[in-house]
Each structure stands twice: as structure tokens, then as C-alpha cells.
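**Student:** Chains as they are written, first to last, in UniProt numbering: chain A, 1 to 459; chain B, 1 to 459; chain C, 1 to 459; chain D, 1 to 459. By construction, the Cβ of each residue, glycine as well, lies at the ideal position given by its N, Cα and C atoms. First the structure, which I've put down as C-alpha cells, then a few questions once you've had a look.
4 protein chains.
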Amino acid sequence: MINGEQYLERIKSYSREIYVAGKRVDYDHPNIQPVLRAFAFTYDLALERGYSVHSDLVGKEVNVLNAYYSSPEELMKRYDYQRELSMRLATCNYRCTGADAINAFAAVLKGEERERFLRLLREIQENDYACTSALTDPKGDRSKRPKEQKEMYVRVVEERDDGIIVEGAKIHQSGAFAADINFFLPGQTFKEGEEEFAIAFALKPDDEGVKYILQNTGVQAKQREGGEFEYGNPFGDRTTCTVVLDRVFVPWERVFVYRDLKAVRNLLMTFANSHRCVGAACKAGFIDSMTGAASLMIKANGLEKVSALTSRLGEMSAVAESAYAIAIGSAVKGESVNGTWLPNGLMANAGKIAGVDGFIKAMRHLAEIAGGIPGTAPSEFDLKSEEVGEYVERFLRGSENFTAEERMRIIKFIEFWLMSSHYLGALHGGGSVSAAIIFLQYMSDIKSKEEAVRKTINL
Amino acid sequence: MINGEQYLERIKSYSREIYVAGKRVDYDHPNIQPVLRAFAFTYDLALERGYSVHSDLVGKEVNVLNAYYSSPEELMKRYDYQRELSMRLATCNYRCTGADAINAFAAVLKGEERERFLRLLREIQENDYACTSALTDPKGDRSKRPKEQKEMYVRVVEERDDGIIVEGAKIHQSGAFAADINFFLPGQTFKEGEEEFAIAFALKPDDEGVKYILQNTGVQAKQREGGEFEYGNPFGDRTTCTVVLDRVFVPWERVFVYRDLKAVRNLLMTFANSHRCVGAACKAGFIDSMTGAASLMIKANGLEKVSALTSRLGEMSAVAESAYAIAIGSAVKGESVNGTWLPNGLMANAGKIAGVDGFIKAMRHLAEIAGGIPGTAPSEFDLKSEEVGEYVERFLRGSENFTAEERMRIIKFIEFWLMSSHYLGALHGGGSVSAAIIFLQYMSDIKSKEEAVRKTINL
Amino acid sequence: MINGEQYLERIKSYSREIYVAGKRVDYDHPNIQPVLRAFAFTYDLALERGYSVHSDLVGKEVNVLNAYYSSPEELMKRYDYQRELSMRLATCNYRCTGADAINAFAAVLKGEERERFLRLLREIQENDYACTSALTDPKGDRSKRPKEQKEMYVRVVEERDDGIIVEGAKIHQSGAFAADINFFLPGQTFKEGEEEFAIAFALKPDDEGVKYILQNTGVQAKQREGGEFEYGNPFGDRTTCTVVLDRVFVPWERVFVYRDLKAVRNLLMTFANSHRCVGAACKAGFIDSMTGAASLMIKANGLEKVSALTSRLGEMSAVAESAYAIAIGSAVKGESVNGTWLPNGLMANAGKIAGVDGFIKAMRHLAEIAGGIPGTAPSEFDLKSEEVGEYVERFLRGSENFTAEERMRIIKFIEFWLMSSHYLGALHGGGSVSAAIIFLQYMSDIKSKEEAVRKTINL
Amino acid sequence: MINGEQYLERIKSYSREIYVAGKRVDYDHPNIQPVLRAFAFTYDLALERGYSVHSDLVGKEVNVLNAYYSSPEELMKRYDYQRELSMRLATCNYRCTGADAINAFAAVLKGEERERFLRLLREIQENDYACTSALTDPKGDRSKRPKEQKEMYVRVVEERDDGIIVEGAKIHQSGAFAADINFFLPGQTFKEGEEEFAIAFALKPDDEGVKYILQNTGVQAKQREGGEFEYGNPFGDRTTCTVVLDRVFVPWERVFVYRDLKAVRNLLMTFANSHRCVGAACKAGFIDSMTGAASLMIKANGLEKVSALTSRLGEMSAVAESAYAIAIGSAVKGESVNGTWLPNGLMANAGKIAGVDGFIKAMRHLAEIAGGIPGTAPSEFDLKSEEVGEYVERFLRGSENFTAEERMRIIKFIEFWLMSSHYLGALHGGGSVSAAIIFLQYMSDIKSKEEAVRKTINL
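Printed below as a string of C-alpha cells:
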């Protein structure tokens, strides 16, 4: 297992086509640096805190995010890792979709495709690669089928002896530009006649024709302006990209699903459950971070004795512990499929919903505690300005236990939580709440609940 | 392990002072019969579904509710049992406070008191007794300390060589009148000088001076009027009582805490966490029952194709699975104290809150699905009446797959869910939501969350 | 304008077929007496507080509930009357559907039908009759049209020279059995070919073939057992009935809509908006009552200084004032149709939703404040019993400012709020929340909101 | 009444000290231009839609925001103006605090102070000035009184014959730098001995020693980078500033409250109620804008037929209509104080809460409808880039009825709604929700609600 520094060296050796705000950029760009820091942190934290599991494939310990799990304990270890990463980064760790893909492939693939996948996984584990995956196609007009808007969805456009040519794009993709391996999975199921879309594969940094166009939120605009803490979180906003595949060649060795409608269905459900469940642990960590920030703000304002505020910390803890506990429960009540331990599907989807609701509640508590200042505060540049620095210094002070700058750091961090893309990320990451409800509606054993009632009331 | 029939025989052999609506009654009373059925069902279900754990004390399998747990697995078994009981009974199983007391005593007691307790526990296990516990004292004027209103709280009023005389009352007590063993624990912590209240003990059916005055809700009034299904649930409303102790003698052998402020504190927190956590599993089961009823109502109305209604079943499943998963997570992330495996305190309290919120959401979904009819329907007596039976038969019919009587049974069961004491029971059982929030506020490791933020923002 | 006593005398002179719990009963029945008290109270309060408007039809002041309104001021007067009635009765006043029908007829009817209606209205005003209306048909299998289950819906089955014969039933009807005039309106719109259901008319106490079968909730079972305050509210549970029409003759003079699909559509929307809007004022009054009860409970428990509880009274006031203010806003922003001042439709439907959500929030606040005791308290009969009265007296006492009986009266009143049919009544009265949302979706001027955005972003 | 162009000319003639991101800037700065556009729009809309009232002071029509109101009708006109402004600007109109101050002064001031105020008001009306007010002092350590941290709060530091010297700062101030008149009011009540803070006055553009330091949110960073629609809303983020008063001289003619604790109390409550009530109308307009955006997004995605999404538009309308109706109700049920028509205090505070809750609900509906794309979309610069523009064009297309650019404009506008400072502004504008609840708790007539219950239950 490598450390963050080693990851950074490797990643900077790649020459990818990455675009920010209309221009091609390299890995030193201020919108990319924070993402690299986040990736690097995942490596360092794994070493520091032992977030590894034993892999029979390579006969040694590997990062939790680069393994498929053989037991509830391993799966729980992932959730602990995730919660701590989310608390410490206060943003995306980017590698969780990689782990979801690895586990989905391990649970679903059979035969030759499984062998191919395991060979790649061995390589991943040997090199301690960072992996991500891309799922959502740009759907264009949602009232139409993929084929009616063929240029959009990722699909095979040519079949060769040595591999396939793929085209299309994926949106909402988090951090692929800073990963070693990019998995591509279908973002929905397909019907007969739509086999060209029913593919899953992996790309490597050298593959040609791949372009990454990054999102551009306000936090990212701030990142471009620099400052030490003005953009709130040194790990930056959750940075997604649109990944464009312009006639990209994929060798058969990295094609894991090919024109297989059923495999897509299984893969998608397995990935979704895996991702929704880890999302609950992730939201727990985010809420932990918000809780810490809220507590610091209370202290920076001298409000430790106002129970109407401090009790909100208890409410924030409640939603964090709930989301985390659901992930744990889901791990314990999971099942082994093809040697891979998967979380309980019902609980995973319930966890998605609890995570979203908890995040939104925590956000409101944080905002109520913080007051309006995260929206109205002057900037770090004002604090450090010759002309008005002294005023900002004087009027931004709170409790004497904090300097104005310290209080401003807290304020800017809270601004980050309240005005970044995380609200949307919480809602839609792993699919919408509605999608989770539909899963629960169809997968819950409502029949047995009906039966129980029938027995109770002698029906 | 005995069966329900054996329990019933034993319980009917006791001659307790039980009062309903101002009159002394016996075990055949229509407000008590449903409670006995619920107790009996706990016995039958344990046998049918194997809800037992091995006890070293007696060297055999004992009912899950009569044991303290030595592992997460045993604790999870309890939650499964609880969820199923709640789903099947659609009301209280009455024995869960007994199990909470057993686990709290096992975790907290030491020395001679522990020995006494284990001797009683052995007897309980040998006989497969039904146990309950009583905690809440009538607090009178809440602005005063217990001593300022001495006649209210349960307390020791005389110390003898062979035991103590206790006096006072406990309220909100569920089902003690139908149990073999009644534990009494303090309902709050006490200060120095208040040692007379710092006691815990067990009573048996033959103890003199004990009076049980039952609650009297609308469902219970309906129970007194009979009918086959008019009161909705054959297991009746959750039936609590006020237990009056009029100079009751307790031999030392059954006194487990005596004038010990610290033991009370530990006992109370252990009991509360245990009870709040099982409460989450309980609410999951209640929501299961409501979900089954909602699904039957949709079918009885011919509304299976209205997705705005059926999707609510998915939302109900979400809150049920959340509450249950939190209990499971709590068991896994628990800890062993004095050889007793206790649930994770933070998660237990988070589960309490999730259970309440989930129950209230599910109640609303059920009500939206059911329409107004559970409040406005004619009675079973009208359906069976010569004068208007034919009209009720005609106008209460829904889908042809259900007779009018079948639909009415469903309606009356839903009426039960919406107008029984369960809403209050969900809110206040195991203490209020506010109490859970305060626990979380003080027991959460907010310091480490602050530290995480400090590291992230370089504070 | 008559007083309550005069109403009672008149109503008791009618000999209607009323059924309770399978038996025919008269006006002295304990399930009917509270309803009569509520009706009577509407008369007395109108006199005491001047809830009247001038009617040109009869050239004098008439009860607000027996008039159609010519101005926002008159409509607001109705909302004030409604809020006060709901606060004072803590249950249905039964006459509000009468007022809604009167206003819907006045706004919609034209020509001869309007003349017929005005003649009846004159009679109503002259005699100060109590009026109600019935809308909801028992819909049987909801996947079928009315005609496919012809025996259910109210419909014309024979046309005569002097009038029509109607048959069918209405459910969810509040208090018709204790009113002088029963209006019947369609509960939904109909398609071509379904004209037989497109009728509206009025019945009088002497009409033959009408049967009233009353609901039977737990509160009503309690009412049958008597006691002074055991059933909580002297005005009883909201008492609805199923009204069966067994070949009832209606003279043309009282037929207002006959086989007219369009009139039905207008009538229904006008009635619904009118009823949903007054429902908001009604919920405000209900919440007022719950707020008063909560405040009394706080005092009876000696908890006046616990701000976590008293602040809930502020939250309850917030939802009450919101619901009421929406009704007022709706009156002011209403419109005159055919000389009748109708509330603003969008606001009326928004008020319905705010009323429901507010009611449910207030209910939870009340339950949190009250603690578990409204579900677990002994009965009035226990308090007055020779055997255990002294214990109940002692252990139910709270603050010294309240006797045990006083505290019990408060407790039983809160039990009423938490376990009566009002939760369902709030949700479904005037139609479900979903129906209100659909109205808002289609009637809101979303086009102009889109246009505003287009202008803002230059689209 | 002037138009927007005339306002712009006048405002640009002022040479104020304004700081953005650490540098002094002028009115052409990209963070100020959008604010000027918003101010200008208020002028144009008033002319276009007749948002004026007659002023006896100047004997002609004046802008609704520059008048105190003499009737409910005038107050309602203000709410209509506010709602339309909020819908059209999708951000702050900046002048509403000016109107609140004018009405608070008119209702509270007496004698010479009133005369001074009226003289200024006449000047305001004659010139159609834009007015704002500043209230919140930087409170430093909230556990200390203002005097213990004397340098923070705005206070009088010297009294002269011709006026006073004031010092301190105000935070959270919206738009003062772009207004003609800046009112200063105390942000809290004070105790005896704290008279130095008990002052209220007005500043003009020429006054020396005033510095405006602007907030710096992500939207503002985007504004600095330009683009045609990349920052979402041409009117920009709600732009507040910290106003520093560095020994500013105020002539007596513009001092309206001087060392008067009671006047401060009245002024503050009057201002707060006025501002909270208009805030409800404001939130209605914001929700209108979000609803329009949501509807456009549904269309741009081809999702018009998905009722699970379109029904959310109905829910959004419900909360908008509720908030607006409460403002209207508040106007109607208001009262005349000193010739000024003030909104009903209870309803105003209830409206504040309904506005916040409605805003947060609407935000979630908007986010659920929009999907993740407002967080993950490429930028306008990417769309227009030579290198990747063609890809963005292709993959961002939705329905054929919208170009990629049109869809992107909608997306960026939604990004604005979800990641601007409006969430915080909604929560804290006019004070926190907790403050509104406390007001309701103390000002509601809970006594009369208790009395009503006492009568109902014969207590």
C-alpha cells in the first residue's frame, strides 16, 4: 500500500485532457489540486488507521476500497473508513464508486469476464491504484429511449478482434480525472434491441480519446482565486466531470460486460445498493463534520450556555448515528453472492433516504447555529487588506478564545457546507430518493406483512 | 420453555387486586383477556420460531426475553423476536421491560446483590416466568424534589431484618398484572439525601399490598362491549396500569439495589439504552403491521394501480427498515459490560428518535391510504343487525375480492392503529425524544468532531 | 335567530331512523346528546358574539352559517366564527358543510333552480334551520365507474311529475341526523352517460326512507358508558354517519341540479374550495384548543419554567395563526361569482394543506408536553371508586394549584385530542391533501412563473 | 417617481468607500453591477405596474417602498410588490428594509423626533430615494453585554451642539452601498446604563467615515469572472456588507432616537414584525421563481408526463400561496398605530416561520426535479470553448424544444437557487425562526385559549 505522496507522483505522470472553465489545464490547476489532496488523504489515512483487508488474490493487505468483501466485518470496515474520510475531508473521497464497482463486478461476473476482471483487480491491488466509476449517461430528452438519441449514451460503435470502440459520455462523474482506473458501467437497464448500450469496461490513463470537462460551482470559482482559507475547505467542492469518450478503443481484456442485458440488470442493482449503503456512512461523516463546525461556532460566539443551540448538537448526532447504524445493520444483515458480501438491499435503500433527510436536517441545524454570517462575512482578502483589515479584525472577533482569523476559518468552512454542491450530491448521489423508495416498494416483503395482519385479525 | 396455554393456566392461578373502570376484576375481564393473549402469544412464538438462547445458569435454552445476552448475535435475536412480536401482535408484548431489567441488573450489579439477582433469574428461567418492570414514579409537582412530595415516589419506609417495607406507586406500567415477576427500578437519578428512593427490587404474585389500576382508553371501552372484531385488534390496546404499593414487604433476597445512588445511575442508563434500542425494533414491527394493513386496504378498495398510494408502501418500508437496521447496528457496535452485551448507547438513542419519527410518518401514510372510513364506519353490530345489516353489507363493500365483513375487519384494525394509545406509547415509551437528544448531546464525542474540523481547516 | 334551547326543542320533535351500534336510538342516546350540545352551542355563540350577517332575502340578520356572502368581510366573519367554534367545541360544529353548500348553490345555480334554492334558503333563514350536506358516495371498487356498481352511488331511479325518487348512500356525513335540512351534493364529477348521478337536492326531517347509521369510535364507546368527564369532551367525538336513501321521494321544489354534468363540476369545485378554506380556520381553532390544553397541562405539572416545553406553545401558536391567516388572506383575495363572494381557490387549497400539517404538528407538541399519562391514566370511575379512589387521588395529583380531578379532566381532554377521530378528520375533511395538491398544480399560474424566469435569465 | 436609469445616474454620482475581496472598488465592479440592476428594476417595475401610494406629505403618488401605510390596502400593495419583485429578481430588492424602517419610525416616533423624520421622509419622497436600513451589530462574545465589548456596537461617542459622533459597525446589511439613504436602527433592546447604544439615525452618501465591506460568496466569485449567464442570475447573489462607522458625524436633524430605551424597544418590535411579514411575501416570490425554474427544467428534460415530478409543482405552489396569504391576512388583521397601519404581529411571525419552511421545502422540490446537473454541469465557458464546446453542446441537450444553451441557462439559474446565500438569508432575514417562536410564545393570547378549554371541560 502506497502513501499519498506516492499517489501524487504517479497521478502527475499522466497526461490527460482535462478542461476547466473552457480551458485545458494540468494537475496543478487550483480546481484539481484539492481533489488530488483528497485522493492522497485516502492513502495516508488507510496507512495511519489500518483501513485494509487481506486479499487472497495478491496474498497481502490491500486498501479497503480496492477489495471485494468476504464478510460483514470487512464491509463494516469500509463503512468506518468512509465515515472517517467524509468527516475529515468534508467532501468526496472520490474512490468510493471504485469500490462499489469492484464489488458489483465480483458479485455478478462469471466465466471469462470474471477472470478478466480478477486479473485487472490483481493489478489494481498490486499497484494500489485509485479507482472510480462512471454510470450516468446524459439522457437528453427523457421521454425517448437511448437509441432515439444515439449520440448520447455510452455505447459500442465498432467491434474489433482486439477489442471494441466506444463512444458517448457520462455525466455526474466524481474525480475520474485523478484516478488510475476508470470503470464504466451502464446507468440504467436496457431492453432487447438496445444491446449496444449493455456494456461495462475499464479505462486506463493512456487510453486515447477521453476528455474530462469539470463542473464549475461557486466554490470552484473561489478556488481559482486562491487565498489560504477563503474557499472554506482545502479539499474543495466535490468535483465531478463530464467524461467524453470520443471513439475510445478498449481491449477485450478490459471489457467485462458485452451486450448482456441481464448482467447489466444485476450489475446495476448490486452497484446501486452498494453505493446507497456506503452513502449512508458518508452522510454520517459529513454530519460529523457539520457537527464539529457547529460546536466550534458556538464556542467562537460564546454561546456554550444556550441550550436551545447546544441541544441541536444532540439532534445532529442523532441523524449521524442513525445513518451510520443503518449502514452497519445493512452489512450485518447482508448476503454472500458469488463469494462477495453485499449489504442488505432494503436497508441500503432505507439508509440512502435516512442519509439525505439527516443531511438536510443537519444542514439546517448548522445554519441556525451559525447565524447569517457565513453568507455575509467579508473575505480573507479583506481581513488581510491594508485598507480594511483592521476593521475586519475588530468586528469579526467573537469569543476571546478565538482570533478573528480563526473565527473566519470556521465561518468559511460553514459557508462551504451551506453553499457547495453537497446538498445536491447528498440528494442525488447513488440515485434519487424516489428511486430508493421504488426499490423498497418492490423489494419489501409486503406479502408477509399482509399475512401477519390477516392472521392477527382472522382474515 | 412453556407454551401459551401453560402460561395462561399459571397466571389464572394468581389472585391479584386488579381494577378496571372503578371495579375490581379478575383475569376473565374483557380488558385483561387480550393482554393474556398477547403474553401467551410470546410463549407460542418463541417455541414456533426458536426465539431462545442458551443459559449457563440453568444449562438449557431459555426464552430470549428471560436472559441477559453474551454476544451481539443474542442481542440481535432479541430484536428479531421483538420486531416479529410487534408485527404479529400490533400491540405491546409486555415482556420487553422484563428483559431490559434483566440485562440492566446483569450489567450493573456486583457482589451479594448480583448473587441474589442471579438466584432469581435462575428461578425465572427454570419456570419460564413472564417478567415486567416498573419505573416511572408519579412525579406530582415537577418543580419539586421527590422528598418534598414524599408520598408519591416508590421508597423504602421501613427496614427489617428480613427485608424492607416499600410504599408509593409506579405509573405507565405495561402489563405487570399479567406477569409472574414484577421488577421495580427507579425512574430517575437521585441526589445525596434521597437514598430512600434509590432502590430496586422484585415482587411476586403473592406479595401483599399491591394494587393494579388499569388505564381506560376508548379501545378498552370498546373491548368491554365485545364483538368479534369491533375493537380492531384481538390483542387489544397497549394496557398499562398504575401499580400501587401499599406497605409491601420485600425480602432481602429480592432487593437488588438498596440506598445506592451510583447503582441507580448505572442501572437507569443501562435500562434506558436497552429499552430505547429494542423500541426501535418494536416500532419497525408496528410499521410492518401498518404496512400490511395499508396494503390490504389498497386491495380492498381496488386501488392497486394508483402509484401515488402504492409508493407510500415503499416509504413505510423505508422507515421500518431504518428503525430495525439501527437496532441491529446498535447490537453490533455494542459493548460487553460485566459479561452482558449491551447495545451501543448513541445508536440506541438515535434509534428511539428514528422509531418515533418513523411511526408518525407511517401513521400518516396509513391514514392517507385508508381515507376517512376508519373514523366514520358503522360498527360490527350494525353489520350484524337485522335492521340495517343489509345496508352496511351493501355500502361497505369495496373490491369484489373482499366481503364487506373482511373490509370492515381491515378498517377496524386501521382504526385501532390510528386511535389507540400507540401514538403516545411510541413517543414516550423509554422516555421522551427530548431525553434521547440530551443523551446524544452529552455522550456523543463532539470533541473528536471538532478536532477533525480543526485539522481540516488548519485551526 | 333562535337560541340553543329552541334548536333542541325543534330537533327533538323529529322522528328519524338513527342507528347506533346496531340498534335504533332516539335523540337522548349518549352518542347523540353531545352532538346536539354542539349544534345548540352554535346557536348560543352566534347570539352571544354577534355572528350574523344581513340577508336581503328576509330583510334581517341571519346566522353566518345560513347565508351566502356578499363581501370579504362577511366571509371573514365566517372564519372568525369557525375558529371560535372549533376552539370552544374541540370538535365538529356540524353546520359548516351546510354553509358551504349554500354558498356553492348561490354561486353556481341559475334560472329556475336558483329560484327554488332561494325559496328554500329564505325558509332556512326565517326558521334559523341547522343545515348540513352530504357528498361522499361509498365508492365500492375504485377501479370501476359508478355505473358498474350502480347500487352504491346516490342517483335518481325514477322521475315523476311531482319529483324524483333517489337511492344510494352517502358516507363520512357529519351530523345530518341532528340538522333540519340535509343537502345532498355529488362527491365527484361524472362523464356523459352518467347523468343519473349528476343531481343535487335537499331533504327534510319528514322525508321517508332515510336512515342514519352512526360511526362507532372508542370515544363513542366511552360516551355510552357515561361518567362526567371520562370521555374527555362533553361535545363528544366528531360524529359522522352513513346516510342511506332507500327510495326517497324528493319534490322538484328541492331538486337543484338534475342530470347536469357541468353544474356538478362547478358545484363541486366551489364547494371544495369553500370547505377547504373554512377547514383552515377550523384547524386554527382546534390548535387553539390543543394549545390551551397544553398550557394547562404544563401548569398542572408544575413545569411553567421549562422553556423546552413552553416554547412549544409558541410553535403551536405559529401553526394556528398561519392556518387562520391563510383563510383570511383567501377571503380578501377571493372573487365574486354570481353575487357570492368566494375564497381564493389557490389559497383555500394551500390552507387545507397548512391546516393538516399544522394540526399534526400541534398534536405532536401536545403529546410531547402531556407525557404518556393521557394514554395510561386510570378512569374517572377509579377516581370516584371507594376501593381505589384514594390512591388515584393521591398519585394523580400534580401541582398544588390543581386537584387530582382537575388534572384528570385535563388529561382526559388531551386523551380526546390524541385518540379521537379528529386526526383522520383533519386529513380527509374536504378531501385529501393529494386532492388539494392536484388542484394547486393545475390551477396555479405556472405559466407566468415560467415567464418571469425566462425574463430574468433572458431565455 | 423616477425610473431605473435615473436611479443609476444618481447612484453613480456618489463616491463611497466600497471594498470587495480586499480592494476598494467603484460602482462598475462586477459584484456591484447586479445590485444596481436590482435597485433599478424596483424603479421600473413600480412605474410599469403602478406600485405607488398617495402621500399627503408631498401631495402625490410615491413608491410603495417610500411610504408608511394608512390602510390594509396599502400594506397589501406592498406585499404584492414584494412578491413580484422577488419572483422577477430572484434575489434581494434591497429597499425592503428601508420601507420597514420608515413604517417603524412613523408608528413609534413622537414630538420633535417625528418632525425630523417626516422632514427627511418628505425629501425621500420628493427625490424618490432608495432607502435601506442596518440593524445587526457584530455581537462579539455573545455571553457579554454590549458595553463589555464597547468597540463593536454602533454607539454615540460624542455629543455636539450640531449633532453626534457615532462609531461601530453593522453586519448583515443588504445593499446600503447602493442606496441614497441609510437608516441605522438598534438590533436589540438595551438595559439602563446602556443608553449610548439606544440610538437611531440616517446617513447620506456624503457623510464621511463610512466604509462598506462586501460579502464574498461563491456566486460573487463567479460574478467576478464574468460570462453571460454562468453565475446564474443577472441580479446576482443577495449582496450584504459590513458597514463600518469610523467616527461619523450625524446632524441632529437626522437623529431620530437618542438614548431612549423605550423607543428602541418599540422601534425594534415594530420593525421586526414589519420585516418578518414582508419576508413571507418575499419568500412566496422566491418560491414562484423556483417553481418557474422547476417547470422549465421539467420541460427541458422532456419529463412533462411524469406526475411524480409535476405534482411537486403543486406542492411548491402550496407553500408559496400559504406564505403570501399569511402576509395578506396579516395586513387585514393589522392595526393602526400613530396613523400607521401595521401588520398583525402574531401572523407576521407565523409568516416568517411559514416562509422559511416553505422556502426549504421548495428548494428540495427544485433539487429533486433538477437532478444533480446544477452541481455537475460544465460552464458557459466550456460551452463556448473551441476545444470542447461541441461536446457540451451535444451532451447537455435535453428536449428538442430547448437548445443546449437554453438548458444551461436554466441549469445555472437553478444552481444559483441551490448554492447562493439565499438559504441563509431565508433562515435569518428578519431574525431567526427561534426569535419568531419566542415572540409568538409571549404575545399569543394563551390565557384565552386556556379559558376556552376550562369552559369546555368545566374546569
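Given this structure, state the Cα-to-Cα distance separating A294/D from I414/D, to the nearest angstrom.
**Tutor:** Going from the Cα of A294/D to the Cα of I414/D covers about 8 angstroms.
**Student:** If we count Cβ pairs, one from each stretch, closer than 8 angstroms, do we get three or more for the segment 266-282 of chain A versus the segment 234-250 of chain A?
**Tutor:** Not touching, per the Cβ criterion.
**Student:** At the level of alpha carbons, what is the spacing between R114/D and H54/C?
**Tutor:** Their Cα atoms are separated by approximately 43 angstroms.
**Student:** By DSSP, does A426/B sit in helix, in strand, or in coil?
**Tutor:** Note: A426/B maps to helix in three-state DSSP.
**Student:** Measure the CB-CB distance between A325/D and K333/C and report whether it falls below 9 angstroms.
**Tutor:** Contact: yes.
**Student:** In chain C, which residues lie with their C-beta within 8 angstroms of the C-beta of F229/D?
**Tutor:** What F229/D touches in chain C: I457, N458.
**Student:** Could you pull out every residue in the same chain whose Cβ sits closer than 7 angstroms to the Cβ of N233/A, ignoring the five residues on either side in sequence?
**Tutor:** Cβ neighbours of N233/A beyond the five flanking positions: A90, T91, F413, F416.
**Student:** According to DSSP, is H365/D part of a helix, a strand, or is it coil?
**Tutor:** Helix, per DSSP.
**Student:** Should L109/B and F256/B be called a contact, given that it needs their Cβ atoms to be closer than 9 angstroms?
**Tutor:** In this structure, F256/B lies closer than 9 angstroms to L109/B by Cβ.
**Student:** In chain order, what residues of the same chain have a beta carbon less than 7 angstroms from the beta carbon of A176/A, not counting five sequence neighbours either side?
**Tutor:** Here the set comprises T132, A134, N182, Y212, C241, V243.
**Student:** Can you name the residues of chain D whose CB is closer than 7 angstroms to the CB of L313/A?
**Tutor:** Simply none; closest approach about 15 angstroms.
**Student:** Just the Cα atoms here: how many angstroms apart are L57/B and S70/B?
**Tutor:** The straight-line gap from Cα to Cα measures roughly 13 angstroms.
**Student:** Hey, how far is the Cα of F105/B from the Cα of A320/C?
**Tutor:** Spanning the two alpha carbons is a distance of roughly 47 angstroms.
**Student:** Which residue's Cα is closest to the Cα of E451/A: N63/B, R88/B, A284/B?
**Tutor:** Answer by Cα proximity: R88/B.
**Student:** Just the Cα atoms here: how many angstroms apart are residue 462/A and F229/A?
**Tutor:** Since the first residue of chain A shown is 1 and the last is 459, residue 462/A is not available in this structure.
**Student:** Could I get the ranges of all uninterrupted beta strand (DSSP E) runs contained in the segment 185-244 of chain A, with 3 residues as the minimum, in chain order?
**Tutor:** Those beta strand (DSSP E) runs which fall completely within the segment 185-244 of chain A and span 3+ residues are 199-203, 210-214.
**Student:** So E450/C contacts chain D; which residues on that side make the cut at Cβ distance below 9 angstroms?
**Tutor:** Those are T291, G292, A293, S295, L296, K299, listed as they occur along chain D.
**Student:** Under 9 angstroms between the Cβ atoms of F41/C and F235/C?
**Tutor:** Their beta carbons are under 9 angstroms apart, which means F41/C touches F235/C by this criterion.
**Student:** According to DSSP, what are the bridge partners of R24/D?
**Tutor:** In DSSP, R24/D forms a bridge with Y19/D.
**Student:** Is DSSP giving S385/D helix, strand or coil here?
**Tutor:** Three-state DSSP puts S385/D in coil, outside helix and strand.
**Student:** Over the uninterrupted beta strand (DSSP E) stretch that includes C131/C, give me the two end residues.
**Tutor:** Where C131/C is concerned, the enclosing beta strand (DSSP E) stretches over 131-134.
**Student:** Whose C-beta lies closer than 7 angstroms to the C-beta of residue 462/C among residues of the same chain, with five residues either side of it excluded?
**Tutor:** Lying outside 1 to 459, the shown extent of chain C, residue 462/C is not represented and no answer is given.
**Student:** Pick helix, strand or coil for I360/D, following the three-state DSSP scheme.
**Tutor:** I360/D: helix per DSSP, three-state reduction.
**Student:** Can you give the Cα-Cα distance for D128/A and L203/A, rounded to whole angstroms?
**Tutor:** Approximately 16 angstroms, taken between the alpha carbons.
**Student:** Do you know whose CA, among D137/C, F190/C, S52/C, lies nearest N266/C's CA?
**Tutor:** Out of D137/C, F190/C, S52/C, F190/C has the C-alpha closest to the C-alpha of N266/C.
**Student:** Going along chain E in order, which residues have a C-beta closer than 7 angstroms to the C-beta of E400/A?
**Tutor:** The structure shown contains no chain E; its protein chains are A, B, C and D.
**Student:** Chain C partners of K305/B, CB-CB under 9 angstroms?
**Tutor:** Going along chain C in sequence order, the residues near K305/B (Cβ under 9 angstroms) are S143.
**Student:** DSSP state of residue 514/C, grouped into three classes?
**Tutor:** The structure shown does not extend to residue 514/C, since chain C is modelled only from 1 through 459, so no value can be given for it.
**Student:** Would a check of beta-carbon distances place M76/D closer than 9 angstroms to chain C?
**Tutor:** Answer yes: the Cβ-Cβ gap between M76/D and chain C drops below 9 angstroms somewhere.
**Student:** For S317/D, would you say it is in contact with chain C, using Cβ-to-Cβ distances shorter than 9 angstroms as the test?
**Tutor:** It does: the Cβ of S317/D has a partner Cβ on chain C nearer than 9 angstroms.
**Student:** Mind listing, in chain order, the continuous beta strand (DSSP E) runs of no fewer than 3 residues lying wholly within the segment 241-278 of chain D?
**Tutor:** The qualifying runs are 255-258.
**Student:** Which stretch, first to last residue, makes up the beta strand (DSSP E) that contains A169/B?
**Tutor:** Counting along the chain, the beta strand (DSSP E) containing A169/B begins and ends at 163-174.
**Student:** Who are I181/A's beta bridge partners in DSSP?
**Tutor:** I181/A is bridged to C131/A.
**Student:** Beta-carbon within less than 6 angstroms of V25/D's beta-carbon, same chain only, minus the 5 sequence neighbours each way: which residues are those?
**Tutor:** Here the set comprises I18.
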